[in-house]
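Report on one structure; see the data block that follows.
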Amino acid sequence: MIDVCDLVYEYPARRALKGVSLSVAPRTITALVGPNGAGKTTLLRCIAALFVPYSGRVTIDGLDTRASPRQIHGLLGYLPDFYGLYDGLSVRRILTYAALSHGIDRDAAPAAADKAADRVGLTDRLEVTAGELSRGLRQRLAIGQTIVHEPKVLLLDEPAAGLDPQARRDLSALLKSLKDAGMTLVVSSHILSELEDYCSEMVIVENGVVAGGQSVKVRDVERPRYMLEIAEARGDLCEFLDARAGIDVIEADEYHALIVHTRNPAARARLIRDLVAAGFEVSSFGESSKAMEDAYFRNIGGGAA
Amino acid sequence: MNPELRRNLWLELPLRRMAFMTGALVLIFFAASLSPAVWGGPGDAAVLFYYLIVVMWGSRNAALSVVGEIRMRTWDGQRLSSLSAGQMVWGKLFGSTLYNWFGGAICLIVILADTFNRQGAGDAAIALAYYPIIGVIAQSAALLASLIAAGRDKSHSRLDVFLYQMAGLFAALVAYWIWTASDPSSAFLRHRPDLLGIGWWGMRTEGHVFLLASLAAFAGWLLVGCHRMMRVELMMRNGPLIWVGFLAFVGGYIAGFDGVYLARAGVRFGNAEMRLLQAGVAFAVLGYLMVFLEPKNSVLYRWMAGQFAKGKIGSGLSALQSWTMAYFAVLMCAIALIVFRGAAGDGTGQAQIAAMLGFFTRDLALVMLIGMSARLHGDLFGVVMLAGLYLLLPMILQGVQLSGALVLFEPREIAPVWLSPAIAWSEGVLALVFAAASIKRADNRRNEE
Numbered sequence: 003m004i005d006v007c008d009l010v011y012e013y014p015a016r017r018a019l020k021g022v023s024l025s026v027a028p029r030t031i032t033a034l035v036g037p038n039g040a041g042k043t044t045l046l047r048c049i050a051a052l053f054v055p056y057s058g059r060v061t062i063d064g065l066d067t068r069a070s071p072r073q074i075h076g077l078l079g080y081l082p083d084f085y086g087l088y089d090g091l092s093v094r095r096i097l098t099y100a101a102l103s104h105g106i107d108r109d110a111a112p113a114a115a116d117k118a119a120d121r122v123g124l125t126d127r128l129e130v131t132a133g134e135l136s137r138g139l140r141q142r143l144a145i146g147q148t149i150v151h152e153p154k155v156l157l158l159d160e161p162a163a164g165l166d167p168q169a170r171r172d173l174s175a176l177l178k179s180l181k182d183a184g185m186t187l188v189v190s191s192h193i194l195s196e197l198e199d200y201c202s203e204m205v206i207v208e209n210g211v212v213a214g215g216q217s218v219k220v221r222d223v224e225r226p227r228y229m230l231e232i233a234e235a236r237g238d239l240c241e242f243l244d245a246r247a248g249i250d251v252i253e254a255d256e257y258h259a260l261i262v263h264t265r266n267p268a269a270r271a272r273l274i275r276d277l278v279a280a281g282f283e284v285s286s287f288g289e290s291s292k293a294m295e296d297a298y299f300r301n302i303g304g305g306a307a
Numbered sequence: 003m004n005p006e007l008r009r010n011l012w013l014e015l016p017l018r019r020m021a022f023m024t025g026a027l028v029l030i031f032f033a034a035s036l037s038p039a040v041w042g043g044p045g046d047a048a049v050l051f052y053y054l055i056v057v058m059w060g061s062r063n064a065a066l067s068v069v070g071e072i073r074m075r076t077w078d079g080q081r082l083s084s085l086s087a088g089q090m091v092w093g094k095l096f097g098s099t100l101y102n103w104f105g106g107a108i109c110l111i112v113i114l115a116d117t118f119n120r121q122g123a124g125d126a127a128i129a130l131a132y133y134p135i136i137g138v139i140a141q142s143a144a145l146l147a148s149l150i151a152a153g154r155d156k157s158h159s160r161l162d163v164f165l166y167q168m169a170g171l172f173a174a175l176v177a178y179w180i181w182t183a184s185d186p187s188s189a190f191l192r193h194r195p196d197l198l199g200i201g202w203w204g205m206r207t208e209g210h211v212f213l214l215a216s217l218a219a220f221a222g223w224l225l226v227g228c229h230r231m232m233r234v235e236l237m238m239r240n241g242p243l244i245w246v247g248f249l250a251f252v253g254g255y256i257a258g259f260d261g262v263y264l265a266r267a268g269v270r271f272g273n274a275e276m277r278l279l280q281a282g283v284a285f286a287v288l289g290y291l292m293v294f295l296e297p298k299n300s301v302l303y304r305w306m307a308g309q310f311a312k313g314k315i316g317s318g319l320s321a322l323q324s325w326t327m328a329y330f331a332v333l334m335c336a337i338a339l340i341v342f343r344g345a346a347g348d349g350t351g352q353a354q355i356a357a358m359l360g361f362f363t364r365d366l367a368l369v370m371l372i373g374m375s376a377r378l379h380g381d382l383f384g385v386v387m388l389a390g391l392y393l394l395l396p397m398i399l400q401g402v403q404l405s406g407a408l409v410l411f412e413p414r415e416i417a418p419v420w421l422s423p424a425i426a427w428s429e430g431v432l433a434l435v436f437a438a439a440s441i442k443r444a445d446n447r448r449n450e451e
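Chains as they are written, first to last, in this note's numbering: chain S, 3 to 307; chain Z, 3 to 451.
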């Protein structure tokens, strides 16, 4: 859906992107991570056809950002890191204006606004002005106006910044639902733990380049990562797991193993049973919650500490 | 309805604001009718408040229509919308000023009634055309100034907005002056009978008709300018044709005047040469104006150089800035004039024209160089530099009895005849080399990163 090839972007004082290449598959949520000033926002703005690259190319759904910026604008929704709302307008009017300005005709605009409000959970606040909303609700409204025209691609820059834990959880559920509805999402953030919930791919931008040269698959819905812990040390843990079909060992020592295994509950139950039968004292077995963080520190230069 | 206009309608015209404006103006007109000695009657008060509400306040709102969105961080959302540049310009120009137009409409009703009573239907009809036009001119000039600034990624402080507003007020002032001056019974035309009939391309045109037609034409170009700058904000590419068309219009317009003033100033050219010279001066003024207004972006110049180096001439030319086209227009006029002067056997005239072109080249290159090098206020430094070169240094040199050295700063008639153009072009080429070296240095630095 999104292809970035050898992208270079320059500000008059510095080169912000130094040959970025990446590819984002349709109907995925990709995390764009990296230290502050790494070039994440610049990359998002290039993808959004708001910046013209110095060299290289960005295509979205086959359209080149340099050649067809306006068509691309119609395909995507973009929520910048610092966004604004028309505080004097009601939620309904903001969403209706967003629908009309995205080319939805006058008769269909109210329905589009209602649908967007429903998706972001603001149906009960349609007549409230934006200025009266809490930060979390403003965030939802901002996302609502970016999805009102059902874009194919949604670019979100630091969407969870400043949100409380409940609002972050709601945001996570919302993004997953948008992906399920067919959108392709790219989410920039430096809070890895929140991205863990909904991202399947990760692109690490560091100093204007993609660390590792490509996106990292951090989460496979069908074959997630599991962390196994045993109470007593066994030198043959890795060997035992390696020997079994359907298991990929990522790393292992005498007490732990990080593996990729099918999500099928019966297969997982069988694995635990076999481990116990082989004398391994299994003390913990669960889906790894630090896949993204592990991948991040493995890939980022000098950041392993 | 244009969605941008609709949004502004929601924001700008709630009932309570309309009621407030109506009540306030009714009170003012009532007070004016009670004390005509102070206000001059409701008609005069209406004129005053029309200018205050529509021209003064309206140009501020127009200047804020884009800048306000940038400040509120809603501009990106608008740029990504499906609204066309035309919709955006109309929506901003009339949407952000809806409240002003509402108040202006109330004033206009009083103005028209007063004019009709005092001067008849004809003058009332003229007032009906004039007042909206001057409002549009002020507001579109302010919007254009703010769009130009937005394209340069300038900060948008209150002072900046005030400056954009001033651009609108200046345009309105010029329009007002032309309008009042164009009245055949005005003091201006009474004292300048030569302007009662303006000679333009050999035709004698009634002064006021010509001035009003000029006003309408330039107001139209203002709107075209807003549209072009809005296209840039929406990431659309502007081809060179509209700017070339504007250059041709301005060149043709200025060249059309029978060269009375230049003849009075001692220029002894033939008719065709005089027109060429006038057009060339107009192009040079536009060149200076645009080199200050357009961003001095070393990244863009390096990109263009890269495109030319790869043989992608069309791609490189697509990013050509307006001042370069004005420069080429000046160049064409200068070459034609040199040929004309050569045919007339006027070597001194040829040298003067060549020297002017050399200094013009130097000035543009220096403004570019300073604009690219200075982190802040590059244009201000450019203005200071030009003031230094053309005012300060010549004055100092004259003060210390070194008038001979003036040849370094302005075209001079000195022997040998080739010396003045040689100096001017040496400076021009040197400035160009420095500008190119600055771009090359930046390129090398980036490639090393």
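Glycine is no exception: its CB is placed at the ideal position from the N, C-alpha and C atoms.
These numbers were taken from a predicted model, which means no experiment stands behind them.
**Request:** Answer with buried or exposed for tyrosine 13 of chain S, where buried requires no fewer than 16 other C-beta atoms within 10 angstroms of its C-beta.
**Result:** Tyrosine 13 of chain S is exposed by the Cβ-count criterion.
**Prompt:** Name the chain S residues whose beta carbon is nearer than 8 Å to that of glutamate 6 of chain Z?
**Reply:** Chain order gives the chain S residues near glutamate 6 of chain Z as Ser103, where near means a beta carbon separation below 8 Å.
**Asked** When you compare each of Z/Gly105, Z/Val386, Z/Arg230, Z/Ala356 to arginine 414 of chain Z by their alpha carbons, which one comes out closest?
**Response** Ranking Z/Gly105, Z/Val386, Z/Arg230, Z/Ala356 by Cα distance to arginine 414 of chain Z puts Z/Ala356 first.
**Request:** Tell me whether arginine 17 of chain S sits in a helix, a strand or coil according to DSSP, three-state version.
**Result:** If DSSP states are grouped into helix, strand and coil, arginine 17 of chain S belongs with the strands.
**Prompt:** Grouping DSSP H, G and I as helix and E and B as strand, with all else coil, what is isoleucine 145 of chain S?
**Reply:** In this structure, isoleucine 145 of chain S counts as helix in the three-state DSSP scheme.
**Message:** Taking 8 Å as the threshold (C-beta atoms), are glycine 253 of chain Z and phenylalanine 212 of chain Z in contact?
**Reply:** When the beta-carbon positions are compared, phenylalanine 212 of chain Z and glycine 253 of chain Z stay at least 8 Å from each other.
**Item:** Environment of isoleucine 111 of chain Z [buried if 16+ CB atoms lie within 10 Å]
**Value:** The residue in question, isoleucine 111 of chain Z, is exposed, as its Cβ has fewer than 16 Cβ neighbours within 10 Å.
**Request:** My understanding is that glycine 170 of chain Z touches alanine 65 of chain Z, with C-beta atoms under 8 Å, so please give their C-beta distance in whole angstroms.
**Result:** At roughly 7 Å, the Cβ-Cβ gap stays under 8 Å, so glycine 170 of chain Z and alanine 65 of chain Z are in contact.
**Message:** Taking 7 Å as the cut-off, is the beta-carbon of leucine 236 of chain Z closer than that to any non-hydrogen atom of the ligand COA?
**Reply:** As presented, the structure is devoid of all ligands, the ligand COA included, so that no description of it is given.
**Prompt:** Who are the Cβ neighbours of isoleucine 72 of chain Z in its own chain at under 7 Å, not counting the five residues just before and after it?
**Reply:** Around isoleucine 72 of chain Z: Ala152, His158.
**Cβ-Cβ distance between arginine 270 of chain S and histidine 263 of chain S below 8 Å** = Yes, these two residues count as a Cβ contact at 8 Å.
**Item:** Reduced DSSP category for serine 70 of chain S - H, G, I as helix; E, B as strand; rest coil
**Value:** Coil, per DSSP.
**Request:** For chain Z, find out if any of its Cβ atoms is closer than 8 Å to the Cβ of arginine 59 of chain S; answer yes or no.
**Result:** With a threshold of 8 Å between beta carbons, arginine 59 of chain S makes no contact with chain Z.
**Message:** Going by the DSSP bridge assignment, what does aspartate 5 of chain S pair with across the sheet?
**Reply:** According to DSSP, which records beta bridges pairwise, aspartate 5 of chain S is partnered with S/Ser25, S/Thr61.
**Request:** Show which residues of chain Z have a CB atom less than 7 Å away from the CB atom of glycine 86 of chain S.
**Result:** Residues of chain Z with a Cβ closer than 7 Å to the Cβ of glycine 86 of chain S are, in chain order, Met74, Arg75, Thr76.
**Message:** Taking only three categories from DSSP, how would you classify tyrosine 258 of chain S?
**Reply:** For the sequence presented, residue 258 of chain S should be read as histidine rather than tyrosine. DSSP places histidine 258 of chain S in strand when its eight states are reduced to three.
**Message:** For a test of the three-state rule: what should DSSP assign to serine 195 of chain S, helix, strand or coil?
**Reply:** Residue state for serine 195 of chain S is assigned as helix, using DSSP reduced to three classes.
**Asked** Residues of chain Z with CB under 7 Å from glutamate 12 of chain S, in chain order?
**Response** Within chain Z, the residues whose beta carbon sits less than 7 Å from that of glutamate 12 of chain S are Val301, Arg448, listed in sequence order.
**Message:** So leucine 13 of chain Z and leucine 91 of chain S are supposed to be a Cβ contact under 8 Å. How far apart are they, rounded?
**Reply:** That pair is a contact at about 7 Å.
**Under 7 Å from the C-beta of tryptophan 305 of chain Z: neighbouring residues of chain S** = For tryptophan 305 of chain Z, the chain S residues whose C-beta falls within less than 7 Å of its own C-beta are Tyr56, listed in chain order.
**Message:** Cβ closer than 8 Å: which chain S residues qualify as neighbours of arginine 81 of chain Z?
**Reply:** Ordered by position in chain S, the residues that pass the 8 Å Cβ test against arginine 81 of chain Z are Leu52, His75.
**Message:** Could you check whether the region 266-282 of chain Z touches the region 20-36 of chain S, counting it as contact only if at least three pairs of C-beta atoms, one from each stretch, sit closer than 8 Å?
**Reply:** No, because fewer than three Cβ pairs between the region 266-282 of chain Z and the region 20-36 of chain S fall closer than 8 Å, the two stretches do not touch.
**Prompt:** Grouping DSSP H, G and I as helix and E and B as strand, with all else coil, what is leucine 224 of chain Z?
**Reply:** If DSSP states are grouped into helix, strand and coil, leucine 224 of chain Z belongs with the helices.
**Request:** Check serine 174 of chain S in the structure and name its three-state DSSP category.
**Result:** Helix.
**Request:** Along the alpha helix (DSSP H) that carries serine 67 of chain Z, what are the first and last residues, could you check?
**Result:** Counting along the chain, the alpha helix (DSSP H) containing serine 67 of chain Z begins and ends at 60-74.
**Request:** Can you give me the start and stop residues for the alpha helix (DSSP H) that phenylalanine 361 of chain Z sits inside?
**Result:** Here the alpha helix (DSSP H) through phenylalanine 361 of chain Z covers 349-375.
**Prompt:** Does the region 153-168 of chain S come close enough to the region 121-139 of chain S to have 3 or more Cβ pairs within less than 8 Å?
**Reply:** Here the region 153-168 of chain S lies against the region 121-139 of chain S, with 3 or more beta-carbon pairs under 8 Å apart.
**Asked** With 16 other CB atoms within 10 Å as the buried threshold, where does lysine 463 of chain Z fall?
**Response** Summary: the structure shown does not reach residue 463 of chain Z, with chain Z confined to residues 3 through 451, and so no result is reported for it.
**Item:** Residue(s) in a DSSP beta bridge with leucine 78 of chain S
**Value:** Per DSSP, S/Val155.
**Item:** Between the CA atoms of histidine 192 of chain S and tryptophan 325 of chain Z - distance to the nearest angstrom
**Value:** Rounded to the nearest whole angstrom, the C-alpha separation of tryptophan 325 of chain Z and histidine 192 of chain S is 43 Å.
**Request:** Step through the CB atoms of chain Z and report whether any lies within less than 8 Å of the CB of arginine 95 of chain S.
**Result:** Chain Z contact via Cβ: present.
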